[in-house]
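**Student:** First residue of the sequence shown: 2, per our numbering; consecutive thereafter. C-beta atoms are modelled at their ideal positions from N, C-alpha and C, and glycine is treated no differently.
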Amino acid sequence: MATSTKSRTAKVLVQKGKARSVITAFVPTKVGSREVAALNEVLINKIIKDLTGCPCLSGAVDVIFRDDLAKSINIDLASGQIG
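1. Could you give the uninterrupted runs of the alpha helix (DSSP H) lying entirely in the segment 24–56, keeping only those of 4 residues or more?
2. Got a sec? Which residues, its chain only, sit under 6 Å from residue 68 by beta carbon, not counting five neighbours each side?
3. Could you give the distance in angstroms between the alpha-carbon of residue 82 and the alpha-carbon of residue 75?
4. Can you tell me whether residue 16 is helix, strand or coil according to DSSP?
5. Give me the Cα-Cα distance between residue 35 and residue 56, rounded to the nearest whole angstrom.
6. Would DSSP call residue 21 helix, strand or coil?
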C-alpha cells in the first residue's frame with residue numbers, strides 16, 4: 002500500500018552584512034523536533050559556516066525563526082498582481 006507524504010519545506014533568507022549577518026528561517030506551522038534538527042544541520046554546518054568560516058554564531062549572525070510561511074504572499078512586481 003503506497004502512502005503519500007506531504008512535502009514540508011523551510012525557506013531561508015540570508016542577508017549578509019559587513020558587521021553582522023541575518024538569517025531568517027520561515028518554517029511551516031507545528032514544526033517537529035526532527036524537522037528542527039534537519040533545519041539546524043543546514044543552518045549551522047552549511048549556511049553559517051559559509052558566512053563566518055566556522056559552524057558557530059560568534060556574535061556575527063542573528064538567526065530568526067518565523068512560523069508564518071503559510072501566510073506569505075507573492076506579488077509580481079511588473080504587473081502588481083498577487084500570485
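**Tutor:** This is what the structure gives:
1. 34–43, 50–53
2. Here the question's residue 68 lines up with position 67 in the sequence shown. Excluding positions up to five away in sequence, the list reads 28, 30.
3. In the sequence shown, residue 82 corresponds to position 81, counting from 1. In the sequence shown, residue 75 corresponds to position 74, counting from 1. Cα to Cα, the separation comes out at about 9 Å.
4. Within the sequence shown, residue 16 is the residue found at index 15, counting from 1. Residue 16 falls in the strand class under three-state DSSP.
5. Stepping through the sequence shown from its first residue, residue 35 is reached at position 34. Stepping through the sequence shown from its first residue, residue 56 is reached at position 55. So the two alpha carbons sit approximately 20 Å from each other.
6. Taking the sequence shown and counting its residues from 1, the one referred to as residue 21 is at position 20. Looking at residue 21 - three-state DSSP - the assignment turns out to be coil, as it is neither helix nor strand.
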